[in-house]
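Everything on this sheet refers to the single structure shown next.
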Amino acid sequence: MTPKQWERLKNVFQDALEQPAPARRAFIAERCADDVIVLREAEALLATHETAGTFLDEPARVDPADLETLVPGTVIGSYKVLDEIGRGGMGVVYLAEDTRLGRRVALKSLPSTLAMHPDMRQRLRREARAAATISHPAVAVVYALEEMGDHLFIASEFVHGETLREEIGRGPIAPERARAIALAIAGALAAAHEAGVIHRDLKPENVLIKPDGGVKVVDFGIAQIEGPEATRLTRAGSMLGTPAYMAPEQLLGQTVDGRADIYAWGIVFSEMLSGMHPLQRGPHGASLRRGVEGRGRTNDVHLTGPFATVIARCLHGDPASRYPNAKELISELESGLRPSLASGSGPSLGTGLGPDPGSVRSRFWWEFHEALTALVYSAMVVPAWYTRGQIGGWQGRTFFIALVATVVVATTARLHLWFTSRFYPRELEWVHQRSSRWIRIADWLFAATLIAGGILIGDEHSPLAIVLPSVAVGAVVAFLLIEPVTTRDAFKRSGIETSAV
Amino acid sequence: MPLVYDELRRIAAGYVRGERPGQTIQATALVNEAFVRLAGERARQFNGRTHFLAIAALSMRQILVQRARSRNAIKRGGGPQRVTLDDINVANVEAGFSRPELAPGDVDILALDEALSRLAALDAELAKVVELRYFGGLTVEEVADVMGTSPATVKRQWALARAWLKRAIEGGVTDTTAEPS
Chain A
1 MTPKQWERLK NVFQDALEQP APARRAFIAE RCADDVIVLR EAEALLATHE TAGTFLDEPA
61 RVDPADLETL VPGTVIGSYK VLDEIGRGGM GVVYLAEDTR LGRRVALKSL PSTLAMHPDM
121 RQRLRREARA AATISHPAVA VVYALEEMGD HLFIASEFVH GETLREEIGR GPIAPERARA
181 IALAIAGALA AAHEAGVIHR DLKPENVLIK PDGGVKVVDF GIAQIEGPEA TRLTRAGSML
241 GTPAYMAPEQ LLGQTVDGRA DIYAWGIVFS EMLSGMHPLQ RGPHGASLRR GVEGRGRTND
301 VHLTGPFATV IARCLHGDPA SRYPNAKELI SELESGLRPS LASGSGPSLG TGLGPDPGSV
361 RSRFWWEFHE ALTALVYSAM VVPAWYTRGQ IGGWQGRTFF IALVATVVVA TTARLHLWFT
421 SRFYPRELEW VHQRSSRWIR IADWLFAATL IAGGILIGDE HSPLAIVLPS VAVGAVVAFL
481 LIEPVTTRDA FKRSGIETSA V
Chain B
502 MPLVYDELRR IAAGYVRGER PGQTIQATAL VNEAFVRLAG ERARQFNGRT HFLAIAALSM
562 RQILVQRARS RNAIKRGGGP QRVTLDDINV ANVEAGFSRP ELAPGDVDIL ALDEALSRLA
622 ALDAELAKVV ELRYFGGLTV EEVADVMGTS PATVKRQWAL ARAWLKRAIE GGVTDTTAEP
682 S
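Heads up: the protein sequence lines correspond to chains A and B, in order.
1 is the number of the first residue of the first sequence in our numbering; add one for each residue after it.
502 is the number of the first residue of the second sequence in our numbering; add one for each residue after it.
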């Protein structure tokens, strides 16, 4: 249709409407007899007009919440909005370009209802400042908290990828991969907790999986603004936070620390493995009730499958019974479990948490060595006492004191290792790393003191002059040759590279 | 533009605080309130009320279209990537799904927007009338003011535009009208 035809159509149609209804068709036919295109179009429009009813009569209605939307192209401060990429009761997330630095950011706009509240703003500022200090590859970097008039935005690293929720949606994740993701999340939590930031709303939606498999946890500490106050300030009825992942103490509004994140981590981990939320098979409300009622006991949670023990401990209603921190989670996943997974003990790793038999056996010999060494060292105090008498004078006293000192250091440290290995195996690597150097120094001093003692006696007929250097040589052989073997065997299985004690 | 937009947002925030969630308000009410608020202190920055109304209508159109787009995106399961919110969860998304988006008498905003763009290519003035009346909630008289025409003209234009859009949305226009033949 040419512009001319359109003009004609317009006039014909509008004139026709001024005719009485029954006469309109004839009017159009008469006016457009020479142009069949205009005629047909005018007839069609008239037919539509007559059946249009109330079409468009009512002006558009708008949900006020929709007005919090920024349309693409909007410039906010130095950010140019490119697209909307997420939305929920707590705000809208946009993909935006930071025009100052020429990089893409995720710009999270917080509801103006929150932004207008001074206390809330203060809290947000604090939280954003803390979140910005977290440095970990699995934590999406918080760049800035932007305050523009009544608007509050959090600019953070834009992560290209899909959410863990989407991945879980396709079914359970293989144990080895789930473990890797869980480890990355635990690493992120550990870094955050160290920076004093509690996530408070860890869930599969807040874990992004990049195309290269990298894991990023987003929205650290933003849930801080939740709470009774925030609930009142934001729209009633919209669900704040995610009860299904909240620890009981969090649901009850009590003080929350990093162990609430541990709880959420357990749920997420379990959900990855089974494809299902561990506490619920139904609607969210059910889990909420159960979570609160199940406070202090976990017997109503029936977990099976890999890592069941780890998860069960995370889901404990009482925070004190959970892992005390995220580092523990990491060492738990990194230690006992790898051998059992590698040896392919299958999907039923319900008991997979204990150390595997191989490592128990090898650690026994290491423990035996440590205990025996401590015993022999201590026993040397007796001959040393006699040696002191034979040497006599200040030299004798110095010898005795030096020997007792080295014995005390070497045996105390060894017994501590032995004790740790028996009763706090998870802390062993840490203790071992810290004490091995001192033990080694004490060992050398011990041997050196014994040899010095043997020389100082000066009486080649005294049995002590033979015994002391012999024990010294024996000790050196033991800590140079034997101990490294048992130590290596005991520690390599937990994947820790250590220099032998 | 940013000023009007901000004002609309601010008013909306007031509504969000005070009213039940999900309750919609008519564009007319919103735009008028924005004008009343702005008129007091900043009216001089606008080329009078008409200029304001035109901008407000355009803002409303953009907002509604953007919102409809993102709703659709969520329904399709998202674009190539998604950044999550702290509180998007299954329940929320499901609630979003179950909300009847096209109650009787409601209009598919995206289809309307698209048809309106086509109409604008054909006749910008007609499209503008629709934008003002439907998205801005303006009365016939206000539209006439903005357009610098008479209410009678607006009524005539409105009738034609409305019929044309309805046909376009229902798929009857593409071949006969939009293409020059």
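No residue lacks a Cβ here, since even glycine has one placed at the ideal position from N, Cα and C.
What you are looking at is a predicted structure, and each value in this text was computed from that prediction instead of being measured.
Query, Result
"Endpoints, the alpha helix (DSSP H) within which R31/A is located", "24-31"
"Spatially closest choice to E147/A from E166/A, P118/A, G187/A, P172/A, by CA coordinates", "P118/A"
"Cβ-Cβ separation, V207/A to R215/A (assumed contact under 8 Å), whole Å", "As written in the sequence, residue 215/A is Val, which differs from the Arg given in the question. Going by Cβ atoms, the distance from V215/A to V207/A rounds to 6 Å, so yes, they are a contact pair."
"Selection of the region 47-65 of chain A by Cβ proximity to chain B, strictly under 8 Å", "T48, H49, A52, T54, F55, L56, E58, P59, A60, R61, V62, D63, P64, A65"
"As assigned by DSSP and simplified to three states, the class of I154/A", "strand"
"Endpoints, the alpha helix (DSSP H) within which R477/A is located", "At residue 477/A the sequence reads Val, which differs from the Arg that was named. V477/A -> alpha helix (DSSP H) spans 463-477."
"Assumed close pair A465/A, A442/A - CB separation to whole angstroms, cut-off 8 Å", "Wrong, their Cβ atoms sit about 23 Å apart, outside the cutoff."
"Bounding residues of the beta strand (DSSP E) (the contiguous stretch that carries Y143/A)", "142-148"
"Within 9 Å of chain A by C-beta, residues of the region 609-636 of chain B in sequence order", "I610, L613, L623, D624, L627, V631, R634, Y635, F636"
"Distance CB(P306/A)-CB(P137/A) smaller than 8 Å", "no"
"Terminal residues of the alpha helix (DSSP H) in which L503/A lies", "A query on residue 503/A cannot be resolved here, the shown segment of chain A reaching from 1 to 501 and no further."
"Per DSSP, the bridge partner or partners of S109/A", "V92/A, F153/A"
"Environment of A128/A [buried if 16+ CB atoms lie within 10 Å]", "buried"
"Rounded C-alpha distance that separates A527/A from I330/A", "Residue 527/A cannot be examined here, being either before or after the span of chain A that is shown, 1 to 501."
"Chain A contact for K667/B (CB, 8 Å cutoff)", "yes"
"Selection from A569/B, I564/B, E626/B, A555/B that minimises the alpha carbon distance to V647/B", "A555/B"
"Top-ranked residue by Cα proximity to L164/A, from P243/A, L450/A, I173/A", "I173/A"
"Among I168/A, P463/A, L372/A, S321/A, nearest to A384/A - alpha-carbon criterion", "P463/A"
"Where T99/A sits in the DSSP three-state scheme", "coil"
"Close Cβ partners of G453/A (< 6 Å) along its chain, the five nearest in sequence each way excluded", "T387, F399, L468"
"Span separating the alpha-carbon of L110/A from that of V92/A", "7 Å"
"The region 549-569 of chain B: positions lying closer than 7 Å to chain A by Cβ", "M561, Q563, I564, L565, Q567, R568"
"Where the beta strand (DSSP E) through I610/B begins and ends", "No beta strand (DSSP E) holds I610/B; the alpha helix (DSSP H) holding it covers 610-623."
"Limits of the alpha helix (DSSP H) - the one that V12/A falls within", "3-17"
"Nearest-angstrom beta carbon gap, P278/A and L252/A [assumed within contact, 8 Å]", "Incorrect: roughly 20 Å between the Cβ atoms, too far for contact."
"Members of the region 4-30 of chain A that neighbour chain B once the beta carbon cut-off is set at 7 Å", "W6, K10, F13, Q14, L17"
"Per DSSP, cross-strand counterpart(s) of V81/A", "A96/A"
"Cross-chain neighbours of V71/A in chain B, by beta carbon under 7 Å", "Q563, I564, Q567"
"Expected contact under 8 Å - CB spacing of P204/A and I262/A to nearest Å", "The Cβ separation is near 16 Å, so there is no contact."
"Collapsed DSSP secondary structure at K327/A in the structure displayed", "helix"
"Identity of the residue in E7/A, T309/A, R426/A, E367/A nearest A625/B by Cα", "E7/A"
"A16/A vs L46/A beta-carbon contact at 8 Å", "yes"
"Proximity to D98/A [Cα-Cα], best of V139/A, I85/A, E157/A", "E157/A"
"Length of the line joining the Cα atoms of T650/B and V630/B", "11 Å"
"Nearest-angstrom Cβ-Cβ length linking Q395/A and L445/A, presumed shorter than 8 Å", "Going by Cβ atoms, the distance from Q395/A to L445/A rounds to 17 Å, so no, they are not a contact pair."
"V139/A classed as buried or exposed, judged by whether at least 16 other C-beta atoms fall within 10 angstroms", "buried"
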